[in-house]
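Undergrad: Okay, handing you the structure first.
Numbering (the numbering used here), first residue to last: 1 to 135.
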């Protein structure tokens, strides 16, 4: 029996939690040849994407990849991120979220804000995931 990964479900859960609480979901991505993002915004092989409803359009949080359209420096781009490339997902305002095991490092602080305003520096999640009670 093929076992389905929990990763896409956890990504969708943190995304929904961010939306429900008015937070901005950021996606940390390890860029490789299968990842389609603007290379000008990649630093040290990684990129952090603002995937909020206000920043992207046609967001699809699928079981194999995440796709959407976004603007970088006023230029429209189609983004394709395989789930294997996702390092973590977190709220910009609090830094809370999930970092996925099996990755070499925690997300760097290079940001590609898909909105038109300059990016703000979010607090990246710690390299060790932890559970926290949220009321």
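All C-beta atoms in this analysis are idealised placements derived from N, C-alpha and C, irrespective of residue type, glycine included.
Using the DSSP secondary-structure output, state which residues sit across from residue 61 in a beta bridge.
TA: The partner list for residue 61 (beta bridge, DSSP) reads 66.
Undergrad: According to DSSP, simplified to helix, strand and coil, what is residue 51?
TA: Coil.
Undergrad: In terms of alpha-carbon separation, which member of 62, 21, 92, 35 lies closest to residue 11?
TA: Looking at the Cα atoms, 62 is the closest of the given residues.
Undergrad: Between residue 78 and residue 56, what straight-line distance do the alpha-carbon atoms span, to the nearest angstrom?
TA: So the two alpha carbons sit approximately 10 Å from each other.
Undergrad: Quick check on the DSSP output: what are the complete beta strand (DSSP E) runs of length 3 or more inside the segment 3-55, in order along the chain?
TA: List check, beta strand (DSSP E) in window: 25-30, 46-50.
Undergrad: What is the rounded straight-line gap between the Cα of residue 87 and the Cα of residue 50?
TA: So the alpha carbons of these two residues sit roughly 14 Å apart.
Undergrad: Near residue 4, what residues of its chain come up, given a Cβ to Cβ distance below 6 Å and the 5 sequence neighbours on each side ignored?
TA: No residues qualify anywhere along the chain.
Undergrad: For residue 21, which residues of its own chain have a beta-carbon under 8 Å away from its beta-carbon, when the five flanking residues on both sides are left out?
TA: Here the set comprises 91.
Undergrad: Taking residue 71 as the reference, give the member of 35, 60, 54 with the closest Cα.
TA: Of 35, 60, 54, the residue nearest in Cα terms is 54.
Undergrad: Can you grab the Cα-Cα spacing for the pair residue 18 / residue 99, in whole Å?
TA: One C-alpha to the other measures close to 15 Å.
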